[in-house]
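Working notes for the structure below.
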Amino acid sequence: MRFLITIVLSVLFCEGAGLLSAALIPTKLNIMPWTLITLSESHPIETTLGVICAFLLSAVVYGYFLGGQHRIYSFILSLIIGVIVITLATALTILNIWQGISINSITQFIIITKSPELYPKLVQATIIGLSAPIFMLIIFCKDKFNSNNALGNAHFATAFEVLKAGFLKKCEGAILIGKKYGAPLWSNGFEHVLVFAPSGSGKTRSIAIPNLMQYPYSVVCNDVKLTIFKKTAQYRETVLGHKCFCWNPTSPEGNTHRYNPLSLISEDKRLRITDIQKIAHILIPDSKKSDPIWQQAARKLFKAMVLYLLDTNDVPTTLGEINRLLKKPSFDNWLAEAIESRADLDEACLNNANSYLNNHEKTRSSILETLTGYLELFEDSLIDAATSATDFDIRNLRREKMTIYIGFTDDDMERLSPLLNLFWQQLISAMIQKIPHPKNEPYPLLCLIDEFSSLGRIERLRRSLKLLREYRVRCVLMLQYIAQTYEQYSRDEAKAFTNIKTKIAFAPDDEQDAEYISKLLGTKTTRVNCYSHATQQHGYNSSTSTQFQATPLMRADEIMRLERSHSLIIKTGVPVVKARLW
């Protein structure tokens, strides 16, 4: 496309040079457009100036269509050309009024520059002409130069500030966060991104899908309704060379890859207790509303069951199998017989099983009820099948190019949140086991976590978020309402997410979110002129005073009315960028 634009502009350039030169020179040639003529009889200076003018015009148009920093440079070039044109036009008008000299061609202009009498007058007229754009510039910048920023200097980023912040430069592994000046805006490095976007605002269309179409390395993403998978999986497989997996635990047709959370347990008996404990604490967290004794006892029984399955060859080690064993009509008798008849069981298995069996019958019933309550999700045959084995290893995400889509629907989100929470916590744990070596694990990982606040409390992510960049992992966290974060985390704990340096805000539906975003944008100092009139005995007395007030860069109501095609990019140390959606 750019090649075709270049060809068209080249033709226009040649024709423009010919026609402009012909207009400046008296000639008897019959000059018609689209002949690519060469004016051999013209004055060389006139031809040169004509070519330069055509070239500058082409450069401005071409730079505008290229977008990005090229568009910024074309604006600067247009401004320079405008200053020159205004200066010359004003100077020639003054010269015409002053001396009655009318200049109709470049030749006449050159003659005047060589005239000892007229040249000084031309210089004086040019100086006077230059005062016109200078005066316009002073009027334009008056408020900026005279502004008092004592109460705040928040403002929207200028073109130079956008350029300086590096938004228009794409580095390796950059993610797309918006569009400005006709070019994509990029977030480079391993900084995380927090997206505030209510339902239907276009975050999937403008953030998730574009990044899946351009990000060349491994990606794991939440995919509500499988929209992202349908639009990007084939491209990532055929063009980017990825292995793509779609884990959709509730697919009615069973069209899903499988992931067994217990498959990550180490085969080394010295290490597997640690892995089981991690899973147990994620699946069965301590209750904040009641005595955690029941969760603690349930975790012990869970560890005993997992260790039993690991040391039993003829049964699968899955959460669904544990749920089936717990639902046996006489589970207590079965467990007692199982540990008595097996001499090869791990000592930790025996200890945890006996800890359960040594309780009173009512206590055992409460412990069993607690554990089965946390595992009731696996009564669903679809979920049981989707967790019966593992088709992909999340530990290989930095070793090979992989894309994992986690599919679910809105109505299943709450029901699946414990399982999805377990997946993401296991993923973070696997990624922070050790610092990756560039030779063994050459690929970084991007985590697109949509509906982040609906997944429950992801404690490992909260504690590790600032450290993930060392492990070459970056996250894009998407949430609908800020209040959802406070449902899972305290105000202080939520700062781990709300303090992310780069934030993208779409038009919110909630007034509290709009107020929060307004505070993030900051305040500006506004000058207010106050006029007062008083009636006195001898007439009127009026006075004028100037006050400065701190006003928000954007009020909450303005943010709520933000166009659906725009977003606000808020980055620490950079003025807010009002961008278009990709």
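To convert, note that position 531 of the sequence shown is 656 in our numbering; the numbers rise steadily by one, no gaps.
Glycine residues also receive a C-beta, built at the ideal position from the N, C-alpha and C atoms.
In this text the structure is predicted, and so the values were computed from the model without any measurement.
Checklist entry - In terms of residues, what are the limits of the alpha helix (DSSP H) holding Leu444? => result 444-451
Checklist entry - Out of curiosity, what's the CA-to-CA distance linking Thr671 and Ser312? => result 42 Å
Item to check | Same chain, Cβ closer than 8 Å to Ile560, neighbours up to 5 away in sequence not counted | outcome: Glu595, Tyr596
Next on the checklist: Less than 8 Å between the beta carbons of Phe503 and Leu444, yes or no?
Outcome noted: yes
Item to check | C-alpha gap between Pro241 and Lys289, whole angstroms | outcome: 48 Å
Item to check | Beta-carbon spacing of Asn336, Ile390 below 8 Å | outcome: no
Checklist entry - What's the call for Asp416, buried or exposed, on a 16-neighbour Cβ count within 10 Å? => result exposed
Item to check | For Asn385, the nearest candidate out of Thr488, Lys294, Tyr481, Ile508 (CA to CA) | outcome: Ile508
Item to check | Extent of the continuous alpha helix (DSSP H) run through Trp707 | outcome: Neither: Trp707 is in no alpha helix (DSSP H) and is coded neither H nor E.
Next on the checklist: Among Pro633, Glu576, Ser183, Ala308, whose alpha-carbon lies nearest the alpha-carbon of Glu539?
Outcome noted: Glu576
Checklist entry - Gly585 lies in the beta strand (DSSP E); which residues open and close that run? => result Before going further, note that residue 585 is Arg rather than Gly in the sequence given. Segment 584-589 is the alpha helix (DSSP H) holding Arg585; no beta strand (DSSP E) there.
Next on the checklist: For the alpha helix (DSSP H) containing Cys369, name the first residue and the last one.
Outcome noted: Counting along the chain, Cys369 falls outside any alpha helix (DSSP H), though it belongs to the beta strand (DSSP E) covering 368-372.
Checklist entry - Between which two residues does the alpha helix (DSSP H) containing Gly303 stretch? => result Element bounds for Gly303: not the alpha helix (DSSP H) but the beta strand (DSSP E), 300-305.
Checklist entry - Near Asp411, which residues of its chain fall below 8 Å by C-beta distance, leaving aside the five closest residues on each side in sequence? => result Pro417, Gln420, Gln421
Checklist entry - How about Glu576: is its Cβ closer than 7 Å to a heavy atom in the ligand HEM? => result Of the ligands one can find in the structure shown there are none, so the ligand HEM has no counterpart to examine.
Checklist entry - Skipping 5 residues on each side, what residues in its chain have a beta carbon closer than 6 Å to that of Gly193? => result Leu293, Tyr306, Ala308
Item to check | beta strand (DSSP E) segments (min. 3 residues) lying fully within the segment 529-563 | outcome: none
Item to check | Local conformation of Asp509 per DSSP, three classes | outcome: helix
Checklist entry - Given a threshold of 16 other Cβ atoms within 10 Å of its Cβ, counted over all protein chains shown, does Asp536 qualify as buried or as exposed? => result exposed
Checklist entry - Can you tell me whether DSSP reads Ala184 as helix, strand or coil? => result helix
Checklist entry - Which two residues bound the contiguous beta strand (DSSP E) that contains Ile574? => result 570-574
Item to check | Which of helix, strand or coil DSSP assigns to Pro309 | outcome: strand
Next on the checklist: From the DSSP secondary-structure annotation, give me the bridge partner or partners of Ala675.
Outcome noted: Thr650
Checklist entry - Hey, is the segment 540-559 in contact with the segment 508-523, meaning 3+ C-beta pairs nearer than 8 Å? => result yes
Item to check | Secondary structure of Ala322, DSSP reduced to three states | outcome: coil
Item to check | Supposed contact pair Gln637 and Ile583 - C-beta distance, whole angstroms, cut 8 Å | outcome: Actually they do not touch by this definition, with Cβ atoms about 23 Å apart.
Item to check | Option nearest His367 by Cα separation, candidates Leu678, Thr528, Gly327 | outcome: Thr528
Checklist entry - Relative to the alpha-carbon of Pro323, which residue among Ala608, Arg680, Ile625, Lys644 has its alpha-carbon at the smallest distance? => result Ala608
Checklist entry - In whole angstroms, what is the alpha-carbon distance linking Leu181 and Leu191? => result 15 Å
Next on the checklist: Are the CB atoms of Ser578 and Ala630 within a distance shorter than 8 Å?
Outcome noted: no
Item to check | Which residues DSSP lists as bridging Phe281, in chain order | outcome: Val701
Item to check | Beta-carbon contacts of Leu202 that lie in its chain and below 8 Å, excluding the five residues immediately before and after | outcome: Leu181, Ala184, Val185, Gly188
Item to check | Short Cβ contact (8 Å threshold) for Leu434 with Thr442 | outcome: yes
Next on the checklist: Can you tell me whether Ser256 is buried or exposed? The criterion is at least 16 other CB atoms within 10 Å of its CB, across all chains shown.
Outcome noted: exposed
Checklist entry - Looking only at C-alpha atoms, which of Arg397, Asp393, Leu213, Ala423 sits nearest to His406? => result Ala423
Item to check | Opposing strand residues paired with Met527 [DSSP bridges] | outcome: Lys368
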